[in-house]
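Some notes on the structure that comes next.
In the numbering used here, the protein residues as written are 126 to 231.
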């Protein structure tokens, strides 16, 4: 399986066909969540893109390339060949994020 992880090699279409694991939580819990993953997933990161979500983190734990979970899921699936913008239908910042993704020219 593929585990989305900041700083790993970038996800590509060559990774298609593998299961995708997305850890959903805030950044202060990422180490704990990662420690609970069973097995040895293949770590991949996402293409560099800025989140559309207005971030507020007093602790400074969010990496600059951190995305909202729904953004990460949409972008990962798009890279893997499953472009489904309906995943973002109820996401308040949908249009802005889709605009940013379009600028990536995937």
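Glycine included, each C-beta is placed from N, C-alpha and C at the ideal position.
Here the structure is a predicted model, which is why all the values come from computation and not from measurement.
Checking 8 Å against the spacing of the C-beta atoms, do residue i and residue j come in under that value?
{"i": "residue 204", "j": "residue 136", "result": "yes"}
{"i": "residue 229", "j": "residue 174", "result": "yes"}
As a quick exercise: from the options, pick the residue whose alpha carbon is nearest that of residue i.
{"i": "residue 215", "options": "179, 153, 195", "result": "195"}
{"i": "residue 168", "options": "211, 132, 228, 206", "result": "132"}
{"i": "residue 143", "options": "150, 154, 128", "result": "128"}
{"i": "residue 126", "options": "157, 164, 134, 153", "result": "164"}
Kindly list the residues whose CB is nearer than 6 Å to the CB of residue i, restricted to its own chain and excluding five residues on each side of it in sequence; keep chain order.
{"i": "residue 200", "result": "171"}
By Cβ distance below 7 Å, which residues in the same chain neighbour residue i in space, the five residues on each side in sequence not counted?
{"i": "residue 176", "result": "191, 192, 193, 196"}
{"i": "residue 209", "result": "202"}
{"i": "residue 219", "result": "213"}
{"i": "residue 221", "result": "177"}
At the level of alpha carbons, what is the spacing between residue i and residue j?
{"i": "residue 159", "j": "residue 148", "result": "8 Å"}
{"i": "residue 141", "j": "residue 179", "result": "30 Å"}
{"i": "residue 226", "j": "residue 155", "result": "25 Å"}
{"i": "residue 207", "j": "residue 151", "result": "26 Å"}
{"i": "residue 138", "j": "residue 153", "result": "30 Å"}
{"i": "residue 162", "j": "residue 130", "result": "12 Å"}
Opposite residue i in the DSSP bridges: which residues?
{"i": "residue 168", "result": "128"}
{"i": "residue 145", "result": "127"}
{"i": "residue 162", "result": "Beta-bridge pairing links residue 162 to no other residue."}
{"i": "residue 204", "result": "Partner(s): none; residue 204 has no beta bridge."}
Between which residues of its own chain and residue i is the CB-CB distance below 8 Å, once the five residues before and five after are set aside?
{"i": "residue 134", "result": "168, 169, 170"}
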